[in-house]
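See structure below.
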Amino acid sequence: MAEDSSRAERSVHTRRRILRGGATVLGTATVAGEVTAAGEEAGSTLDSTLSTGDPEVRAIYAMPKWYWDGERVETNRARMRQFLNRVEETGLNVIYAWIESDGVASLLGEPAYAESDEYDFWNPDRGWDPLGELITGAARRGIEVHLWYSFVRYKRSALPIPEFNPNLEVLPTGGRDWGALSKSQYEDGHEDSTTVDAGALCVNEPEARAWALEVLDRVFERYPGLAGLHIEEPGYLDAEQCVCPRCRGLYADFYDDDPENYLDHIYDTSDPYFQDEMAIPVKSAGTDAFAESLYEWWVSRDAAGALSYNGSWLPEFDIPRGRNWPTWSAEGWLPYYAPQIYTSDLDVYRGRLERTMETLSDSVVAPVTGIVWGSDRTGSNDAATVADEIELVRSMDGYADVTAGGTGLFSGSALTPDQTVVLRTGPYSESAPPHWSSGENEQTRGDLTMADLRAQDPFSFTPYWQRELTLAGSGRSQ
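Numbering (numbering that gives the first Met the number 0), first residue to last: 0 to 477.
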């Protein structure tokens with residue numbers, strides 16, 4: 000989406016209005032995202048359907064269970080409504096809704112999970128259907144909901160991890176040995192993953208890939224209003240993974256060598272960018288197969304919406320972990336790619352985005368901009384920087400012959416009133432449909448003042464886990 004002269008002119012006029020301190024939709028904002036008391040007293044200045052701009056991704060990454068679990072249904076429902084109103088006020092058009100495989104098990108009615116206090120949040124029979132209501136409420140506001148799913152990583156559960164559970168009743172049965180095994184675990188005497196708390200899936204297990212495709216298909220059948228699928232970092236976190244018997248055997252098949260020699264080509268994460276050419280084909284075999292199968296399944300559905308992945312901006316970091324997105328792009332299996340670019344430095348942001356775009360072949364790029372990031376929320380951008388990074392992505396359209404299709408924001412809980420004001424009066428002053436859509440998106444500005452926004456409490460942040468767990472939880476069925 001090339002920036003035409005009309006868009007550039009609109010951006011200039013919008014920024015001038017902010018710099019002059021003019022009234023905004025939700026108060027009066029400075030370019031730094033500070034809101035004056037006068038703005039709060041003035042209230043909202045517009046309550047009308049917006050004109051529609053060019054299609055682009057304007058996404059927010061959200062974790063419903065992390066925000067709304069643990070309290071009464073009506074409280075959760077009200078908070079979800081406030082969140083949806085804020086997303087619309089900001090001018091966003093896509094919500095990536097996070098779910099892990101244990102949540103999917105509850106969602107699809109697997110009894111042990113659906114009846115557990117740990118996971119009944121996702122059970123549609125519990126008294127409310129949070130995913131269904133999120134989809135319906137978002138659609139009324141011109142917003143799509145995409146399932147944000149972790150295929151390989153984040154295998155953690157208070158109950159046996161579904162993929163490792165052979166006793167499932169509703170879903171396809173899992174396998175106790177489907178977990179990934181690290182080199183360190185193997186050297187500590189573990190022959191396979193059945194004796195460790197595996198926090199990731201071994202993607203070289205064909206049945207594990209088939210399991211993921213089957214349950215995703217069931218979710219999309221149950222919720223036809225889902226408009227897309229967003230895959231989280233489809234590979235390992237630990238570069239030492241995986242050295243299970245499957246992977247050692249695959250190495251032996253590839254190179255006609257002793258399976259134990261595979262260990263000589265695996266390294267720890269102290270050298271994260273090192274690539275051993277004999278290890279890469281083993282690590283990427285399963286993820287390549289999954290990417291191809293997932294794309295074929297997605298196309299076979301003949302439905303609107305988008306298939307997308309996120310990951311690192313740097314291929315040298317991802318490829319040793321099986322996140323082989325350069326190949327998937329070249330093969331046409333990767334319609335949209337979202338590199339995570341978390342920085343406040345615009346020059347650094349540009350350089351990282353350039354590196355990604357130079358690597359992609361046949362994909363649209365829609366990078367993830369950080370509002371708040373880091374395991375301890377140590378990184379953050381103010382609203383003005385977020386707005387500048389959105390405009391920077393727009394300006395990069397066509398670089399290296401790659402389309403820049405918009406921006407995702409991480410994460411939903413950091414979408415403050417100040418962020419809403421600056422984005423809606425700046426880069427998102429017009430509504431827009433998602434990049435893959437046609438037509439208009441007639442979102443409306445609500446009648447929310449800055450005081451209204453600050454009075455809301457969309458996020459309750461109850462603990463995700465009700466008791467202390469390892470990364471993988473129990474990890475194994477006994």
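In this text, a Cβ means the ideal position worked out from N, Cα and C, and glycines have one as well. Treat the numbers as computed from the prediction; the structure is a model and nothing was measured.
Tell me which residues share the same chain as residue i and place their Cβ nearer than 8 Å to its Cβ, disregarding the 5 neighbours each side in the sequence.
i, result
"residue 419", "25, 85, 88, 89, 452"
"residue 310", "232, 233, 234, 317, 322, 324, 336, 337, 338, 339"
"residue 137", "83, 86, 94, 143, 144"
"residue 467", "Summary for residue 467: the model assigns pLDDT 41, below 50, so the residue's position carries little reliability; its value from the coordinates is reported in the next sentence. Excluding residues within five positions, none has a Cβ falling inside 8 Å."
"residue 128", "none"
"residue 385", "368, 370, 408, 418, 421, 422"
"residue 189", "180, 195"
"residue 133", "63, 79, 83, 94, 96, 144"
Can you give me the Cβ contacts of residue i inside the same chain, cut-off strictly under 6 Å, excluding the 5 residues immediately before and after it?
i, result
"residue 52", "429, 431"
"residue 455", "81"
"residue 105", "112, 113, 118, 121, 122"
"residue 314", "325, 358"
"residue 435", "305"
"residue 290", "327, 332"
"residue 275", "264"
"residue 64", "120"
"residue 236", "152"
"residue 388", "348, 368"
"residue 261", "247, 250"
"residue 126", "72"
"residue 147", "95, 96, 97, 229"
"residue 217", "107"
"residue 297", "306"
"residue 219", "225"
Bridge partners of residue i, per DSSP?
i, result
"residue 57", "406"
"residue 479", "In the structure as shown, the chain begins at 0 and stops at 477. Residue 479 is therefore absent and cannot be evaluated."
"residue 96", "61, 146"
"residue 309", "337"
"residue 190", "DSSP lists no partner for residue 190."
"residue 231", "149"
"residue 240", "181"
If you count every other CB in all the chains shown that lies within 10 Å of the CB of residue i, and 16 or more means buried, which is it?
i, result
"residue 337", "buried"
"residue 478", "The chain is shown only over 0 to 477; residue 478 falls outside these bounds and no answer can be derived."
"residue 299", "exposed"
"residue 278", "buried"
"residue 122", "buried"
"residue 187", "exposed"
"residue 320", "buried"
"residue 75", "buried"
"residue 72", "exposed"
"residue 333", "buried"
"residue 247", "buried"
"residue 295", "exposed"
"residue 392", "buried"
"residue 43", "Confidence at residue 43 is low in this model, with a pLDDT of 36, below 50, so its placement is unreliable and the value that follows should be read with caution. It is buried - the Cβ of residue 43 has at least 16 other Cβ atoms within 10 Å."
"residue 223", "exposed"
"residue 411", "buried"
"residue 70", "exposed"
"residue 397", "exposed"
"residue 116", "exposed"
"residue 273", "exposed"
"residue 165", "exposed"
"residue 253", "exposed"
"residue 344", "exposed"
Please return the same chain residues whose Cβ sits closer than 7 Å to the Cβ of residue i, not counting the five positions on each side in sequence.
i, result
"residue 399", "356, 357"
"residue 292", "208, 212"
"residue 341", "369, 372, 378"
"residue 214", "103, 107, 170"
"residue 191", "176, 180, 243, 244"
"residue 258", "247, 248, 250, 251"
"residue 139", "none"
"residue 183", "239"
**Message:** Under 8 Å, with one C-beta from each stretch per pair, do the stretch 222-233 and the stretch 139-156 reach the 3-pair mark?
**Reply:** Output reads yes: the stretch 139-156 touches the stretch 222-233.
**Request:** Would you check if there are 3 or more beta carbon pairs closer than 8 Å linking the stretch 437-444 to the stretch 95-103?
**Result:** Taking a cut-off of 8 Å on C-beta distances, the stretch 437-444 does not touch the stretch 95-103, as fewer than three cross pairs fall below it.
**Request:** Spell out a yes or no on whether the stretch 243-253 and the stretch 198-212 are touching, meaning 3 or more CB-CB pairs, one atom from each, closer than 8 Å.
**Result:** Yes, the stretch 243-253 touches the stretch 198-212.
**Request:** Kindly provide the ranges of any alpha helix (DSSP H) runs that are 4 or more residues long and lie completely inside the stretch 314-395, ordered along the chain.
**Result:** Correct list: 314-317, 324-330, 345-358, 382-394.
**Request:** State whether the stretch 400-410 contacts the stretch 346-366, with contact taken as three or more CB pairs (one from each stretch) at a distance under 8 Å.
**Result:** Touching, yes.
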